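Participant: Sequence lines, in order, name chains L and Y. If you want my numbering, it's the 1-based position in the first sequence plus 1. If you want my numbering, it's the 1-based position in the second sequence plus 1119. Just so it is clear, CB atoms sit at the ideal spot from N, CA and C, and this is done for glycine as well. The structure presented is a predicted model; accordingly, all values stated were derived computationally and were not measured.
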Amino acid sequence: MGKSNDPTKTALRFLEMFCPRKLYEGIEGDLLEQFYSEEKIIGSRMAGVRLWLAVFRFFRPGIILRNTFSLQLISIDMFRNYLTIAFRNVRKNKVFTAINVFGLGIGLAACFLIVQFVMFELSYDKFHDNYERVYRITNDRFQHGKLIQHGTIMYPTIGPAMAKDFPEVEAYSRLMPSGDLNVKADDRIFRGETCHFADEHFFYVFSFPFLAGDRTNALKERHSMVLSETTAKKYFQITDGNYKNAIGKVVYWGLDTQPYKITGVFEDIPENSHIQFDALVSYATLISPDEHDADDSWTWSDMRHYLLLKPGVNYKTLESKFEDFSQRHFQGDKVSGSVEKFFLQPLKDAHLYSDYEYDIAKTANGKAVWALLIVAGFIMVIAWINYINLTTSRALERAKEVGLRKVMGAFRSQLVKQFIFESVLISLFAFIVALLITYLAQSSFNQIIDGNLTWWMVFTNISTSSTLLIISILIVGVLLSGFYPAVVLSSYRPITVLKGKFQRSSSGTWLRKGLVIFQFMASVTLITGTIIVSRQLEFMNKADLGININNTLIVESPENTQWDSTFIERVESYKSELMEIPGVISATTSNNIPGARLGRAFNVRLGEQSESSNVTMSFLGVDYNWFKTYGVPLVEGRTFSTTDHNHDFEKLTNIVMNVSGIQLLGIKDPKDAIGRTVSFWGKTWTLIGVVADYHQQSLKRPKEAMVFFPAYSSYYPTSIKIQQSEIQNSITSIEATFKKFFPGNSFQYTFLEERFNNQYRDDNRFSTIVSIFTVLAIIISCLGLIGLSSYTALQRTKEIGVRKVLGASVVSIVSLLSIDFLKLILIAALLALPLAYYASVNWLETYAYRIGLGVIMFLAPVIAILFIAAITMSVQVIKTAMTNPGETLKHE
Amino acid sequence: MSKEYLGEFEELVLTMVGILGDEAYGNSIVNEIKERLGRESNLSAVHVTLYRLEDKGLVKSQMGGSTNLRGGRRKRIFTITNAGLAMLRAMKESRMDLWKLIPQLKIVGSI
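(1) Whose C-beta lies closer than 7 Å to the C-beta of K740/L among residues of the same chain, with five residues either side of it excluded?
(2) Could you pull out every unbroken alpha helix (DSSP H) segment of at least 4 residues lying fully inside the segment 711-744 of chain L, listed in chain order?
(3) In whole angstroms, give me the CA-to-CA distance for R137/L and Y357/L.
(4) Mapping DSSP to helix, strand and coil, what is G180/L?
(5) Nearest chain Y C-beta to A55/L closer than 8 Å, yes or no?
(6) Quick check on D291/L: buried or exposed, where buried means 16 or more other Cβ atoms within 10 Å of its Cβ?
(7) Could you tell me the boundaries of the beta strand (DSSP E) in which R142/L lies?
(8) R851/L: buried (16+ other C-beta within 10 angstroms of its C-beta) or exposed?
(9) Give me the chain A residues within the contact set of F59/L, using Cβ-Cβ distance strictly less than 9 Å, ordered along the chain.
(10) First and last residue of the beta strand (DSSP E) that includes I1196/Y?
(11) Let's test the definition: count the other Cβ atoms within 10 Å of the Cβ of F80/L and tell me whether it reaches 16, buried, or not, exposed.
(12) Could you name the residues of chain Y that I43/L contacts, counting a contact when the two beta carbons are closer than 9 Å?
(13) Roughly how many whole angstroms lie between the Cα atoms of L666/L and E727/L?
(14) Taking 8 Å as the threshold (beta carbon to beta carbon), is I28/L in contact with chain Y?
(15) Here's the rule I'm using: 16 or more other beta-carbon atoms within 10 Å means buried, otherwise exposed. How should T1134/Y be labelled?
(16) Measure the Cβ-Cβ separation of R598/L and Y359/L and say whether it is below 8 Å.
(17) Run the CB neighbour count on T873/L, radius 10 Å, all protein chains shown included, and call it buried at 16 or more, exposed below.
(18) Here's the rule I'm using: 16 or more other beta-carbon atoms within 10 Å means buried, otherwise exposed. How should E581/L be labelled?
(19) Is N1146/Y close to chain L? Criterion is C-beta to C-beta, closer than 8 Å.
(20) Do you know offhand how far V863/L's Cα is from L831/L's?
(21) Which of the three DSSP states, helix, strand or coil, is assigned to M883/L?
(22) Assign P168/L to one of two classes, buried (16 or more other C-beta atoms within 10 Å of its C-beta) or exposed (fewer than that).
(23) Report yes or no: is there a C-beta of chain Y within less than 8 Å of the C-beta of R67/L?
(24) Going by the CB atoms, is the gap between Y244/L and A1/L shorter than 8 Å?
(25) Where in the segment 341-373 of chain L do unbroken runs of the alpha helix (DSSP H), each at least 4 residues long, occur, reported from the N-terminal end onward?
(26) What residues match up with W564/L in a beta bridge as DSSP calls it?
(27) What residues in its chain sit with their C-beta under 7 Å from that of P161/L, if we drop five residues either side in the sequence?
(28) Helix, strand or coil: how does DSSP classify Y1144/Y here?
(29) Just mark M883/L as buried or exposed, buried being the case when its beta carbon has 16 or more other beta carbons within 10 Å.
(30) My assumption, with CB atoms under 8 Å, is that T9/L sits in contact with L54/L. Please give the rounded CB distance.
(31) Would V692/L pass as a contact of N655/L if the rule is Cβ separation under 8 Å?
(32) Just to confirm my understanding: we take H646/L, look at its own chain, exclude 5 residues before and 5 after, and list those with CB closer than 8 Å. What are they?
(33) Please list the terminal residues of the continuous beta strand (DSSP E) segment that includes G853/L.
(34) Grab the span of the alpha helix (DSSP H) containing E398/L for me, first residue to last.
(35) Can you look up S327/L in the DSSP assignment and give me helix, strand or coil?
(36) Can at least three beta-carbon pairs, one atom from the segment 279-293 of chain L and one from the segment 142-151 of chain L, be found at a separation below 8 Å?
So this is what it looks like as structure tokens:
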């Protein structure tokens, strides 16, 4: 009975939608009577049109409002019946239900975990009262038209000057990071707390709560310090929670005899704050009548500034005024040597969208976070598609039930509600399973993402609108995924199914095929993604850095030792004694280590050039042993010797540069560089050697131009190369030696490789997560394929029986059944390739040094997925191919 | 209960129900109105009016026989109630009283 035979069908369906139950039959009957009598006179088509018109005229308040709008989803009486049938169904199809519940459960669990993570990352800094109005000032510097620095670091005058020039600014706060604290409190030495210099406006702009002390005045006076709860506890052994006792106490910093007074204790900075610190020292400490560069210098660049704008101010409008501001204060590049451009970054972008140099903020890749959310969405869709596929494939078994129910008088809508009810039940089970999985996997997940997430933390930080959004998505998803199978199932005509001739429902094959293609497309894309991401990471981890960082111990600097004329000899003796230790190969000191962001020397130029040719390079202060210890090859000239060193900075004359450095100065051939004069930092230097370029930072950054000068300092860490086999023993000896030469300092060490690879932490994390979810997607897709192949096999039992009778071998039947699916998967793979390609290229662009994309990287996933699919199908297909035709052809 | 008067169409439909007796349902009323008054009426309007009349208690309905002509659907047959008859009587009386007062509409048998 097709639509073409019955012109009244659609119109009446429409009527059914809005007509009250009780009146429907009478009205429908009248309309049909009218239709049939008109049909005789004016023909079927015209009668049909008039019927539609008549139905439309029934669409009036007098009829519609007679509907009883009871939101009775399921009548109470039928509820028990539906429940019983649902459970019977589950018991009959244990395997299928299990696959369904499990598949959905995994999908949900994956989504839960990712949502936890994403919500947390998105919640950064939201707890500040002024969250909407706080901005970071950022600074781009240009020299000769080229961008030489894109950072959050700038001169101390910027914040106050902007506050003065622009009435839109309500308040400013400036800070200078100070590194690790090295204090003596109550005669105990503590090291390692992070500390910044911050002015008294800091706690006005930011809402970090205080536990003791006055937040408005705590950082006003010089030499004031405020501590975090944990730090205060640590320094002053406070166990009773009464932090007022810490106020007024005094600590001593490093070698400084000036006492620092504790003026406040604040709550520990939460994890989701972009700025992290254990203590703050008043910015005023840096300013004194004799030395006030920290207040008014236009060339000392070390400060970070925040602006709090007045309510209603559009920050972009304010930003457009900065060009004039630059011109006013910097007159092009006359004041600082480079053209300064300033911008405002809203606080909400600080955590996820910062790519600034010298950034003290805790940053994460915003793109990756959103990418993960998309992956979660993918997985959820795949899981629901699976559910739809599996349920519709099982539809045949319910056909008789549906037919019978209809005969007994069930309306279509009731059947739809019944099947949606069953879907909801299954989803509920899946939800419970998902919660279980999430609970069990939580700690492993936390380990992988290097975080500390729990549901509690997420709930307290999430906004109500986000929660509502998530819940509504879940509900809509559940309903939608139950809707299609429900519609399909409830569509069976009683006569056809009860007669027993009902064998197949050919409707929906295309949808089913499309869904399978989509699932496998997602899987192939994810597999490709995983391969490329892990290849890139492998490349970065194994790449030749141009410098040898293996088995290198980094010992923290002896800051508590006086820098005097004896220091250099002391360090030298210390190093010689270190090298006597059996496991130690070489030792050296330098002002910074590989993997860290180096300081910059602006205004570097060849001696004979004018100031207009200034360039910028990174600098490194090293001792004569440095190049040998780290294995940096010499290209031309010589490296430092002991005679190049001097305790007095002014007396130093020789420098070494790397190849990029001399090229930046305009010298093409290293041979020409030797003996040239270079000027920076107000001095003239002689270039005595050229070394090869190496990767100071991760392969995410290009190699930098560097200038090396010979120096010592009590702030320089020691790099010690140790023999692999002797590591443990050497450490104890090294500690002893350190304590001997630098008493009063705490011995702290790390392994260079670990610190260097820390730069890849985010990427490693991302890679792990992508791999996990790839596996998940494959599992879910395979579950779907199992369901689908068993269904198809069932459909074709008769056909296979006949073929076998006619002499087909098992092999030919297997290939017959499999080919169809393999075709689908091939299509999926081909569709996935451009998507995967685009995504990979996009992602790889964030890396300065990246792998090339080879054909094999795209081919391998396709082959892999074909293989996986083949194995998945094989069990079902082979089972079907081996059935006895006698059994299958028995019933006709 | 109900207002003391009915709308024109309501009165018409009510009268038809009275006339048609056991045969009063949507289509028959439409046809009767067409035949007797030459007036086209809309099936939906008739239906809605019938339901309104039923709400007011002037007619009652029940499901009747089905024929193949209606694809197997039963008819909803409306019958006039005593209240409906009383209403019609009252309306006839009041109308007549008014019409009698128009000189040009001399009605035979009136005072």
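Facilitator: Well, looking at it:
(1) Shown here for K740/L: same chain residues with a beta carbon closer than 7 Å to its own, the five before and five after excluded, namely F748 in chain order.
(2) With a minimum length of 4 residues, the continuous alpha helix (DSSP H) runs that stay inside the segment 711-744 of chain L are 728-742.
(3) Looking at the two C-alpha atoms, the distance is approximately 11 Å.
(4) DSSP places G180/L in strand when its eight states are reduced to three.
(5) Closer than 8 Å: yes.
(6) By the neighbour-count definition (other C-beta atoms within 10 Å, threshold 16), D291/L is an exposed residue.
(7) In the DSSP annotation of this structure, the continuous segment of the beta strand (DSSP E) that includes R142/L starts and ends at 135-144.
(8) By the neighbour-count rule (16 or more Cβ atoms within 10 Å), R851/L is buried.
(9) You won't find chain A in this structure, because its protein chains are L and Y.
(10) Here the beta strand (DSSP E) through I1196/Y covers 1193-1199.
(11) Counting Cβ neighbours within 10 Å, F80/L comes out exposed, since fewer than 16 surround it.
(12) What I43/L touches in chain Y: nothing, since even the nearest Cβ is about 15 Å away.
(13) Rounded to the nearest whole angstrom, the CA to CA distance from L666/L to E727/L is 44 Å.
(14) Yes, its Cβ sits closer than 8 Å to a Cβ of chain Y.
(15) So T1134/Y counts as buried.
(16) A contact, by the Cβ cut-off of 8 Å.
(17) By the neighbour-count rule (16 or more Cβ atoms within 10 Å), T873/L is buried.
(18) By the neighbour-count rule (16 or more Cβ atoms within 10 Å), E581/L is not buried but exposed.
(19) For N1146/Y, the answer is yes, since a Cβ of chain L falls inside 8 Å of its Cβ.
(20) Approximately 8 Å, taken between the alpha carbons.
(21) DSSP places M883/L in coil when its eight states are reduced to three.
(22) Around the beta-carbon of P168/L, fewer than 16 other beta-carbon atoms lie within 10 Å, marking it exposed.
(23) Judged by the 8 Å Cβ criterion, R67/L is in contact with chain Y.
(24) Residue numbering for chain L in the displayed model covers 2 to 893; residue 1/L lies beyond these limits and cannot be assessed.
(25) As far as the segment 341-373 of chain L is concerned, its whole alpha helix (DSSP H) runs of at least 4 residues are 348-351.
(26) Residue pairing by DSSP places W564/L in no beta bridge whatsoever.
(27) Taking P161/L as the centre and dropping the five residues before and after it, the same chain places the C-beta of Y173 closer than 7 Å to its C-beta, in chain order.
(28) Y1144/Y falls in the coil class under three-state DSSP.
(29) By the Cβ neighbour-count rule, M883/L is exposed, with fewer than 16 other Cβ atoms within 10 Å of its own.
(30) Your pair T9/L and L54/L does not check out as a contact, with CB atoms roughly 13 Å apart and the cut at 8 Å.
(31) No. Outside cutoff.
(32) Here the set comprises I569, D624, Y625, L653, P711, A712, Y713.
(33) Looking at the DSSP string, G853/L is not in any beta strand (DSSP E), and its letter there is neither H nor E.
(34) Start and end: 396-408.
(35) In the displayed model, S327/L falls within a helix according to three-state DSSP.
(36) No, they do not touch.
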